[in-house]
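Following: one structure in structure tokens, then a few remarks.
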Amino acid sequence: MTSATSTAARPRHSAYTRRRGRAGLAFVTPFMIIYTLFMIVPVLFAVYDSLYTTRLIGGTSFSGFANYATVLGSGPFWGGVVRVIIFGAIQIPVMLAIAFFFSSVFDLGLTKFGRVFRAIYFIPFAVPIVVSSLMWGFLFDPGYGPFNHVMDALGFSNFNWLSPALVLPAIIIIAVWEWTGYNSIILYTALKSVPRDVVEAAILDDTPLWRIVLRIKLPMVRPAIIMLIFINAIGATQLFIEPTILNNYQAGVITNTWTPVMDIYSTSIQSGEYQLGAAMAVVLAVIVVAISVASLAFRRNQRELA
Amino acid sequence: MKDAADEDDGIPVEFYGLRRGTVTALTIICALFALFTLIPIIWLIINSTKTQANIFETFGFWFARPFALFHTFANLFTDVDGDGIFAQWFANTVIYSVVSGVGATILAALAGYGFARFRFRGSRFLFAMIIAGLLVPITLVAVPLFLVYAKVHLINSMAGMILPSMVYPVGVYLMRTYVELSIPEEITDAARVDGASEFRIFFRIVLPLMVPGLMTVLLLSIAATWNNYILPLIIFSNNSLFPGTVGIGLWLQHVGGSGDTNLYPLLVLSGLVMIIPMIALFAVLQRYWRGGMLLGSVAN
Chain A
128 MTSATSTAAR PRHSAYTRRR GRAGLAFVTP FMIIYTLFMI VPVLFAVYDS
178 LYTTRLIGGT SFSGFANYAT VLGSGPFWGG VVRVIIFGAI QIPVMLAIAF
228 FFSSVFDLGL TKFGRVFRAI YFIPFAVPIV VSSLMWGFLF DPGYGPFNHV
278 MDALGFSNFN WLSPALVLPA IIIIAVWEWT GYNSIILYTA LKSVPRDVVE
328 AAILDDTPLW RIVLRIKLPM VRPAIIMLIF INAIGATQLF IEPTILNNYQ
378 AGVITNTWTP VMDIYSTSIQ SGEYQLGAAM AVVLAVIVVA ISVASLAFRR
428 NQRELA
Chain H
2 MKDAADEDDG IPVEFYGLRR GTVTALTIIC ALFALFTLIP IIWLIINSTK
52 TQANIFETFG FWFARPFALF HTFANLFTDV DGDGIFAQWF ANTVIYSVVS
102 GVGATILAAL AGYGFARFRF RGSRFLFAMI IAGLLVPITL VAVPLFLVYA
152 KVHLINSMAG MILPSMVYPV GVYLMRTYVE LSIPEEITDA ARVDGASEFR
202 IFFRIVLPLM VPGLMTVLLL SIAATWNNYI LPLIIFSNNS LFPGTVGIGL
252 WLQHVGGSGD TNLYPLLVLS GLVMIIPMIA LFAVLQRYWR GGMLLGSVAN
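Sequence order for the protein chains is A and H.
Sequence positions in the first sequence follow my numbering and run 128 to 433.
Sequence positions in the second sequence follow my numbering and run 2 to 301.
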């Protein structure tokens with residue numbers, strides 16, 4: 128890496144600039160080495176591996192896009208993709224609406240004990256998702272879970288949060304519980320940076336408070352909200368731990384292809400079809416990259432409009 | 002970096018022209034959501050004191066005799082069902098998170114400073130590569146890592162868990178922003194004029210000024226490894242190397258399979274044991290915590 132800087136003859140630059148350049152490279156090199164070995168190399172290897180197929184007889188041979196054809200034609204895989212899209216399409220708006228509501232209340236000082244509430248709301252961020260799923264699994268358990276008893280008491284007999292129809296809503300509740308605090312802290316910070324005089328001017332004009340929130344504050348934190356939508360969308364494509372853990376409370380409801388990542392895990396690790404699993408991981412990565420590129424393009428567009 | 006979240010210079014509520022009782026009503030709504038947030042944790046705390054029979058048969062949100070907390074706690078140190086010892090899994094979690102958290106923070110501090118204050122050939126390209134890495138979730142890298150580990154014999158090794166956990170691109174991004182915004186260039190320039198070497202400048206002058214940012218990155222990177230499930234699940238087949246998350250997952254699988262094990266109290270208490278250190282860490286490091294940096298991590 129150092130040869131790249133020293134062999135390049137660049138008379139414009141003084142010896143001092145070159146020395147500083149080398150120092151800069153030295154600062155970033157430790158990270159770049161670990162990053163290359165444990166992020167870039169594995170991803171490239173997965174792409175390479177996905178082009179091969181191992182057969183019981185005949186060993187491993189190049190198979191071109193055969194694995195991709197299998198993935199793209201796989202009903203369960205796309206079923207999982209559709210499921211996480213439905214999950215994200217409900218969970219993200221619900222969570223962001225709740226997060227925006229509370230961050231506005233905190234920002235305007237409309238509640239007592241705001242600091243205490245903010246600290247409490249942030250707690251789930253410190254809870255491992257395995258443990259969140261464990262706790263909620265106990266609460267939702269059809270046998271002894273208090274939440275089914277509550278529904279029973281409300282007149283819904285034999286209510287089961289973990290039944291095939293309700294397990295997705297149950298997971299949405301868990302995800303809202305996990306991420307609302309984190310998202311509302313981010314929105315709160317964004318709202319705090321809205322200039323105070325804008326709001327003061329609106330108050331002097333006798334603008335009602337809800338209008339100030341929805342017509343003045345909300346548009347000003349739109350960039351943060353848009354970023355949160357995309358970040359949470361990428362998170363939704365990765366849904367894995369909650370369904371995997373809940374599966375232990377109610378066997379048979381959640382299949383091992385329930386979400387794309389569950390499919391990747393069971394195909395590559397449990398069934399040992401590594402190359403097919405790698406192809407699935409690449410396809411999912413392409414979906415994630417597409418979401419990211421869309422977000423960057425969207426942001427650039429927004430900036431030009433502004 | 003000034004942290005807006007810690008200030009309270011809001012407009013006095015009286016100026017909003019609200020109906021009487023609005024603040025009270027909103028406080029009640031906030032309290033209800035706080036209750037929703039705390040319910041699972043309250044359940045966990047209460048039930049960590051119960052016997053297995055009482056977990057199933059008594060009201061979930063109140064205590065029941067006998068008080069079994071100490072008995073269950075002792076069982077965390079024994080191999081109850083042949084899967085492994087929770088105390089060891091917990092110790093593994095601590096080792097993985099602390100070592101990789103400290104490593105990730107050091108690497109991020111060095112790289113963030115390098116990208117913030119130096120221009121060199123390829124610096125823009127390398128930084129763009131790191132930004133691309135921000136968007137790749139660890140879940141997607143886990144299976145590829147497994148494929149590579151199988152070739153280089155890193156399956157079932159602590160290094161195989163710790164080294165990839167040191168890759169924390171968010172940290173590099175946050176540290177770069179932090180240096181740009183809160184470390185005046187005049188200070189480092191003055192030291193350069195005095196003839197100090199670049200590394201001396203970094204360790205003696207810049208690093209001490211970076212402490213609040215470092216603490217935030219340390220906290221976030223420790224939490225990321227502490228909570229990681231899929232990577233250790235994939236790369237470890239040797240139970241004694243499991244972190245707490247994977248151990249809990251394994252126990253749950255056995256409970257789901259047979260149903261009549263005596264693992265329930267252990268599951269409840271181990272969940273609680275996994276939560277407490279993280280909440281304590283956030284509480285202790287709160288004065289360094291820059292919640293505002295989270296905004297930087299998404300809305301760059």
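Glycine included, C-beta positions come from ideal geometry on N, C-alpha and C.
Remember, predicted model here, so these are calculated numbers, not experimental data.
Asked                                                                                                                        : Found
Between the CA atoms of H:G250 and H:F78 - distance to the nearest angstrom                                                  : 18 Å
Buried or exposed by the 16-neighbour rule on C-beta atoms within 10 Å, applied to H:E199                                    : buried
Three-state secondary structure assigned by DSSP to A:S190                                                                   : coil
Chain-order list of residues whose beta-carbon lies under 7 Å from that of H:I206 (same chain, five-residue window excluded) : I188, T189 and A192
7 Å Cβ cutoff, H:Y179 in contact with chain A                                                                                : no
is_contact[H:M279, chain A] using C-beta, thresh 7 Å                                                                         : yes
Distance, A:A328 Cα to H:F91 Cα                                                                                              : 55 Å
For A:M407 and A:T394, the rounded distance between their alpha carbons                                                      : 9 Å
A:W288 classed as buried or exposed, judged by whether at least 16 other C-beta atoms fall within 10 angstroms               : buried
Distance, H:G18 Cα to A:T334 Cα                                                                                              : 9 Å
Endpoints, alpha helix (DSSP H) assigned at H:T178                                                                           : P170 to S183
Residues near A:A136 in its chain [Cβ-Cβ closer than 8 Å; skip 5 each side]                                                  : The predicted position of A:A136 is uncertain, since its pLDDT is 46 and thus under 50; no value can be drawn from it.
Chain-ordered neighbours of H:V103 on chain A, where CB pairs are closer than 7 Å                                            : None at all; the shortest Cβ gap to chain A is about 13 Å.
Where A:Y195 falls: helix, strand or coil (DSSP)                                                                             : helix
Sheet register partners of A:T180 (DSSP bridge)                                                                              : A:S188
Under 9 Å (Cβ pairs) to chain A, residues found in the region 54–67 of chain H                                               : I56, F57, E58, F60, G61 and F62
Reference H:L221; option with closest CA among A:L266, A:D390 and A:V254                                                     : A:V254
Touching by the beta-carbon criterion (3+ pairs, under 8 Å), the region 63–78 of chain H and the region 128–138 of chain H   : no
Alpha helix (DSSP H) segment containing A:M166, residue limits                                                               : Looking at the DSSP string, A:M166 is not in any alpha helix (DSSP H), and its letter there is neither H nor E.
H:P165 and A:F165 closer than 7 Å at C-beta                                                                                  : yes
Proximal chain A residues relative to H:R120, where beta-carbon distance stays under 9 Å                                     : T144, R147, G148 and G151
Contacting positions in the region 211–233 of chain H - beta carbon closer than 8 Å to chain A                               : A224, W227, N228, Y230 and I231
Cα-Cα separation between A:R146 and A:I160, rounded to whole angstroms                                                       : 21 Å
Whether H:T226 touches H:S101 by CB criterion (7 Å)                                                                          : yes
Spatial neighbours of H:N76 in its chain, beta-carbon cut-off 7 Å, leaving aside the 5 residues before and after             : L267
Neighbour list for A:I391 in chain H, Cβ cutoff strictly below 7 Å                                                           : V144
Simplified DSSP state of A:G270, which is helix, strand or coil                                                              : coil
Three or more C-beta pairs below 8 Å linking the region 269–276 of chain H and the region 272–286 of chain A                 : no
Exposure of A:P346, with buried meaning 16 or more beta-carbon neighbours within 10 Å                                        : exposed
Minimum Cβ-Cβ distance from H:D7 to chain A less than 7 Å                                                                    : A caution first: H:D7 carries a pLDDT of 42, below 50, which makes its placement in the model unreliable, though a value can still be read off. Chain A, which has no Cβ nearer than 7 Å to the Cβ of H:D7, makes this no.
Terminal residues of the alpha helix (DSSP H) in which A:W306 lies                                                           : V294 to K319
Own chain, CB closer than 7 Å to A:Y271, minus 5 neighbours either side, in chain order                                      : none
H:A143 vs H:I223 beta-carbon contact at 7 Å                                                                                  : no
Cβ-Cβ distance between H:S49 and H:L270 below 7 Å                                                                            : yes
Rounded straight-line distance, which links the Cα of H:W63 to that of H:G83                                                 : 32 Å
Neighbour flag for H:V149 against chain A, beta carbons, 7 Å                                                                 : yes
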